[in-house]
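These notes concern the structure reproduced below.
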Amino acid sequence: MRRYGTSIITFLVLFSLLAANSFAGKAYIWRDKQGGVHFSDRPPVSEETGGEVEERKFKEAPVLEKTAPIARTPIEHAVQCTFRIRNKKGGASGFFINDTGLAVTAKHVVKGATYSMKAEIPGDSRKYRVRILKKSRKNDLALLQVDIKRPTPYLEIRDPKTLVPGEEVLAVGNPLLAFKETITRGIFSRIFLESDWKKELKMKKPPYKFRGDWVQFSAPIIGGNSGGPLVDKEGKLVGIVSLGNMVHKAINFAVPSSYIRKEFASYFK
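Letter by letter, the sequence shown follows residues 1 to 269 of the UniProt record's numbering.
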């Protein structure tokens, strides 16, 4: 009988420690005149006890802000770094480049955007305010600040000039804003130089208002992918998805990742 009572006490002690993490208050443990052990959140009537009553106080645990789950692969990490941008006119994709909420997207994504922009982060039901810090003058790039208190996962930048033709690349984004956290696979073709518009395509000037070189790749993209990251198989950033060919869907372009530090150098000091 005594052994049984000891087991109950052990169980109750363990239970009370677990419960201390979820509520505040007091718990009472006592043994009655017949030797039975009782546990309650209310004090016993004096006639019920056969001895001392143990009183335990529980402290309320602090509410912790939700953190991102640990990524199982480099590509899953890239997905966790990517978020949806929404405003009254629509939206697209963006991604974090440091742990304080600094982020990048395509300039055309935030054209005419207001302070109503919100970021929807994977695994988080909340929506965070997005502020535009700076827009590139000639490249399709914009620097953002997501107002979030917890540390953010971010992408490591790789110079796309180190890519080898035929190397695998993946585009991460939110096509049509409906298919969130979508990954498409393709290959890197080459660095398409700004001069190639005239030299190879016989155009007097590029068909787009943005300047600079481009990362040409074959991963499928559509509306909503804009501003999302193009990464290598190790999850390192090589480009920012910008232009898609609606006819020849395997010929797409991203802004070189190396332009981020070049355009926004003052934010990396």
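The C-beta atom is built at its ideal place from N, Cα and C for all residues, glycine as well.
It should be emphasised that the depicted structure is a prediction, and the values quoted were computed from it without experimental measurement.
Simplified DSSP state of residue i, which is helix, strand or coil
i, result
"residue 243", "strand"
"residue 261", "helix"
"residue 89", "coil"
"residue 78", "helix"
"residue 189", "strand"
"residue 15", "Its pLDDT being 31, under 50, residue 15 is placed unreliably by the model, and the measurement read from it follows with that caveat. Three-state result, residue 15: helix."
"residue 159", "coil"
"residue 154", "coil"
"residue 230", "strand"
"residue 179", "coil"
"residue 121", "coil"
Short Cβ contact (7 Å threshold) for residue i with residue j
i, j, result
"residue 140", "residue 107", "yes"
"residue 231", "residue 170", "yes"
Residue from the options with nearest C-alpha to residue i
i, options, result
"residue 221", "259, 192 and 187", "187"
"residue 117", "145, 97 and 100", "145"
"residue 172", "267, 110, 93 and 234", "93"
"residue 121", "77, 258, 112 and 269", "77"
"residue 285", "123, 258 and 132", "What is shown of the chain runs 1 to 269, which leaves residue 285 out entirely."
Residue i burial status per 10 Å Cβ neighbour count (16 or more: buried)
i, result
"residue 95", "buried"
"residue 7", "With a pLDDT of only 43 at residue 7, under 50, the local geometry of the prediction cannot be trusted, and the value read off the model is given with reservation. Exposed: under 16 other Cβ atoms inside 10 Å."
"residue 69", "exposed"
"residue 179", "exposed"
"residue 79", "buried"
"residue 272", "Outside the displayed span of the chain (1 to 269) sits residue 272, for which this structure offers no information."
Integer-rounded CB distance, given that residue j should sit under 8 Å from residue i
i, j, result
"residue 242", "residue 254", "6 Å"
"residue 156", "residue 236", "5 Å"
"residue 252", "residue 218", "7 Å"
"residue 194", "residue 166", "About 23 Å separates the two Cβ atoms, so there is no contact after all."
"residue 163", "residue 224", "Rounded, the Cβ-Cβ distance is 25 Å, inconsistent with contact."
Min CB distance residue i to chain C below 7 Å
i, result
"residue 72", "Checking the listed chains, one finds no chain C in this structure; it contains a single protein chain."
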